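Single-structure report; data block below.
2 protein chains.
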Amino acid sequence: MDIVSFLRTTPLSRNLSEDQLEILAQSAREKRCRAGQLIIGEKKETRTFFIVAEGRVKMFKSSSDGKEQTLYLLGPGEMFGMCAAFSDSIFPANVITMEETTLLILPGTVIEDLAKKDSTVLFNLIFILSGRLKESMSLIESLSLMETPQRVASFLLFSGLKKDCREGEVAELTISQRELSKILGTTPETLSRILKKLAGENIIEVTGRKIRVLDCEALQELATG
Amino acid sequence: MDIVSFLRTTPLSRNLSEDQLEILAQSAREKRCRAGQLIIGEKKETRTFFIVAEGRVKMFKSSSDGKEQTLYLLGPGEMFGMCAAFSDSIFPANVITMEETTLLILPGTVIEDLAKKDSTVLFNLIFILSGRLKESMSLIESLSLMETPQRVASFLLFSGLKKDCREGEVAELTISQRELSKILGTTPETLSRILKKLAGENIIEVTGRKIRVLDCEALQELATG
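Top to bottom, those sequences are chains X and C. Take the first sequence: its letter number 10 is residue 10 in the numbering used here, and every next letter is one higher. Take the second sequence: its letter number 188 is residue 1188 in the numbering used here, and every next letter is one higher.
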């Protein structure tokens, strides 16, 4: 992999100079992982950053009785490990690969080294953390204030589809219904029942992982509660 | 108020020079608010920072049918507004004062001005955002993976009390049970029922806002699920 070229496309490297990209690339170690591999567990001590180069990982919390709540799905260019590296070094959740994945592993100190010359990388990091915090607030809102059918409608409208819903638009799920249920904080059975009900009411049409919207207005009404 | 002296005690100003503190203080505007005043609403456009100088505010999400979920309670020295200022300028939640409160209002640009000379303030901001993100992950875990009695026990152990629970230790709630229920994502009635049940089982003793722990082991068992 040409690490410099790849890094140039990531949010962390926005507006960095070629010199800075070189420093970042030189400190990076490539790691190939098979699907379903645990990358790091909750409460592990680490000051390392990870950037997904290829593939996809899932960050999640789990309970003692085996239930899971997905926090984030992260794909190429997205990073994790910032929280631990910049607070108490304790990783706050579990990260597992969802498919064959290549990670770039960077020592926490490289950000400090880069920032000595120019603080651009710190603004990039603040931008990434701010976005992540907003996403987590939306998830809290969804879990706490929305009933499950509302969460499903909201997901289809704002994550699966573009913001302006059009009749006939198709949301192709890139994950299984089982994984989607862990994002929505529900069971696969409940999710399946809700999708069937929406299909029965001619609001959506489900074919495998493809979900076609038949009635935008009804979906939007459900999503706004 | 001596703004420089106050700012020196806040996490944002950690390790800043006297010059930098002066710049920060000069850009700050003091605002006194009565209890129950809405400071900023969800989706408002802003690039301003707020620091609580005295009093306390609550950041929360609300639903169309009037339900509320508390995201954070913020007291003296704590700040809000970073998410909006450093991403899309859209404030992600509502903020209301819980008592008489004095705020310091800072223009978003002051951070950029400070960072031109020295990036310390950016590291402070990253530290604050990282901590906030970890808190929100814990809240997601609590709302999604814990039953309400477990959330109550967990709150008493880790928020109300010190981490090492001792028999006879007293957690004095600084908020009403009604407010606590909005943090725990439940109703005041359910919270009251759970506290009564724990008292009936001689695990805690409730006198007004004081909660005395009678049986640490039982409380810890409940909290870990």
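Don't be surprised by glycine CBs; every beta carbon is placed ideally from N, CA and C. Since we're looking at a predicted model, the values are computed, not measured.
Distance from residue 48 of chain X to residue 108 of chain X at the Cβ level is roughly 6 Å; contact confirmed, criterion being Cβ atoms closer than 8 Å. It is roughly 12 Å from the alpha-carbon of residue 1166 of chain C to the alpha-carbon of residue 1218 of chain C. Residue 1128 of chain C places its beta carbon 8 Å or farther from that of residue 1021 of chain C.
For residue 39 of chain X, no CB of chain C lies under 8 Å from its own CB, so it is not counted at the interface with that chain.
Residues of the segment 64-78 of chain X whose Cβ lies closer than 9 Å to any Cβ of chain C, in chain order: 64, 65, 67, 68, 69 and 71. Interface criterion met: the Cβ of residue 1224 of chain C is under 8 Å from a Cβ in chain X. Along the segment 1181-1212 of chain C, the positions whose C-beta sits under 7 Å from a C-beta of chain X are 1185, read in chain order. Between residue 1024 of chain C and residue 1007 of chain C, the gap from beta carbon to beta carbon is short of 8 Å.
When secondary structure is reduced to three states using DSSP, residue 1188 of chain C falls in the helix class. Only exposed fits residue 26 of chain X, as fewer than 16 other CB atoms lie within 10 angstroms of its CB.
If you draw a 10 Å sphere on the C-beta of residue 196 of chain X, you find fewer than 16 other C-beta atoms in it, and that means exposed. Of all residues in the segment 108-122 of chain X, the ones placed with a Cβ closer than 7 Å to any Cβ belonging to chain C are 115, 119 and 122, in chain order. The straight-line gap separating the alpha-carbon atoms of residue 141 of chain X and residue 50 of chain X is approximately 28 Å. Each residue's CA atom was taken as its position, placing residue 82 of chain X and residue 106 of chain X some 11 Å apart. DSSP, reduced to helix, strand and coil, places residue 140 of chain X within a helical segment of the structure shown. In this structure, the beta-carbon distance from residue 150 of chain X to residue 223 of chain X falls below 8 Å. Rounded to the nearest whole angstrom, the C-alpha separation of residue 1191 of chain C and residue 1181 of chain C is 6 Å. The three-state reading of DSSP puts residue 1093 of chain C in coil, since its state is none of H, G, I, E or B. For residue 69 of chain X, DSSP records a beta bridge to X:61.
Interface criterion met: the Cβ of residue 131 of chain X is under 8 Å from a Cβ in chain C. The continuous alpha helix (DSSP H) containing residue 1148 of chain C extends over residues 1148-1155. In the three-state reduction of the DSSP assignment, residue 50 of chain X falls in the strand class. The criterion of a C-beta distance shorter than 8 Å is satisfied by residue 1052 of chain C and residue 1076 of chain C. Unbroken beta strand (DSSP E) stretches of 3 residues or longer found wholly inside the segment 101-142 of chain X: 101-107, given in chain order. Against chain C, the beta carbon of residue 96 of chain X has no neighbour under 9 Å; the closest one sits roughly 16 Å away. Annotated as proximal: residue 126 of chain X and residue 1125 of chain C, with beta-carbon spacing under 8 Å.
141, 143, 144, 145 and 146: these are the residues of the segment 141-174 of chain X whose beta carbon lies less than 8 Å from some beta carbon of chain C, given in chain order. Chain C has a Cβ within less than 8 Å of the Cβ of residue 126 of chain X. Residue contact with chain X for residue 1012 of chain C: absent (no Cβ-Cβ distance below 8 Å to any residue of chain X). Going by DSSP, residue 1021 of chain C is part of the alpha helix (DSSP H) stretching over 1018-1027.
Residues of the segment 1013-1029 of chain C that bring their beta carbon within less than 7 Å of a beta carbon in chain X are absent altogether. Per DSSP, residue 1009 of chain C has no beta bridge partner at all.
The criterion of a C-beta distance shorter than 8 Å is satisfied by residue 1092 of chain C and residue 134 of chain X. Under the criterion of beta carbons closer than 8 Å, residue 152 of chain X and residue 173 of chain X do not qualify as touching, at roughly 12 Å.
Not flagged as an interface residue toward chain X: residue 1218 of chain C, since no C-beta distance is shorter than 8 Å. The shortest C-alpha to C-alpha distance from residue 1170 of chain C to any of C:1208, C:1138, C:1070 and C:1147 is the one to C:1208.
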